[in-house]
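Accompanying notes for the structure given below.
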Amino acid sequence: MRAPLASRSRVRTHQTGVTLIEVLVTVLVLSIGLIGLASLQGNSLKANHSAYMRAQATILAHEMFDVMRIDRENARAQEYDGDYSAPPAATGQLPQDELNRWITNLQNTLPAPEAEIQTTPATGVVRISVTWDDTRGQEPPQVFTLRTRL
Numbered sequence: 001m002r003a004p005l006a007s008r009s010r011v012r013t014h015q016t017g018v019t020l021i022e023v024l025v026t027v028l029v030l031s032i033g034l035i036g037l038a039s040l041q042g043n044s045l046k047a048n049h050s051a052y053m054r055a056q057a058t059i060l061a062h063e064m065f066d067v068m069r070i071d072r073e074n075a076r077a078q079e080y081d082g083d084y085s086a087p088p089a090a091t092g093q094l095p096q097d098e099l100n101r102w103i104t105n106l107q108n109t110l111p112a113p114e115a116e117i118q119t120t121p122a123t124g125v126v127r128i129s130v131t132w133d134d135t136r137g138q139e140p141p142q143v144f145t146l147r148t149r150l
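First residue of the sequence shown: 1, per full-length UniProt numbering; consecutive thereafter.
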């Protein structure tokens with residue numbers, strides 16, 4: 001025999017809505033996702049800043065090479081060669097004035113820059129190295145080296 005209608009309806013009662021545990025689990029999963037997204041954004045900013053610094057070092061190294069290519073006589077005489085962390089004293093002569101301007105640009109663009117220029121007179125090969133501090137990217141000092149012929 002079948003159960004009365006009233007007893008059947010009590011058995012079939014369904015819960016509507018969500019429980020507190022389901023809400024807490026959803027908030028936890030969403031929070032973990034947002035923390036991951038924030039971390040990804042932070043890493044992206046660091047990488048972007050490092051790439052910007054590398055691009056600036058590249059541009060500045062090519063700029064000095066162009067100056068040396070225009071002034072080949074002094075470049076082959078190794079007038080531009082040396083290690084630079086501060087601008088040389090202005091003397092009114094082309095190599096020193098250009099180096100002064102270039103090192104000042106390096107200092108205004110890159111953090112803690114150093115530069116080295118070496119010319120091999122016999123072959124006309126020039127090597128320009130630019131080093132800078134990339135602590136924002138939590139990397140060791142970065143070095144960009146341009147090696148080309150006059």
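Glycine included, each C-beta is placed from N, C-alpha and C at the ideal position.
Item, Value
"Let me make sure I understand the geometry here. Which of L99, Y80, N74 and A77 has the alpha-carbon closest to that of A86?", "L99"
"Quick one: is P140 buried, meaning 16 or more other Cβ sit within 10 Å of its Cβ, or exposed?", "exposed"
"Using a threshold of 9 Å, state whether the C-beta atoms of M68 and V130 are closer than that.", "no"
"Need the endpoints of the beta strand (DSSP E) that Q118 sits in, please.", "E114 to T120"
"Would you identify the three-state DSSP class for T123, choosing helix, strand or coil?", "coil"
"Using 9 Å as the threshold, is the C-beta distance between T123 and D81 below it?", "no"
"Going residue by residue through the region 30-89, where are the continuous beta strand (DSSP E) segments of at least 3 residues, counting only ones entirely within it?", "82-84"
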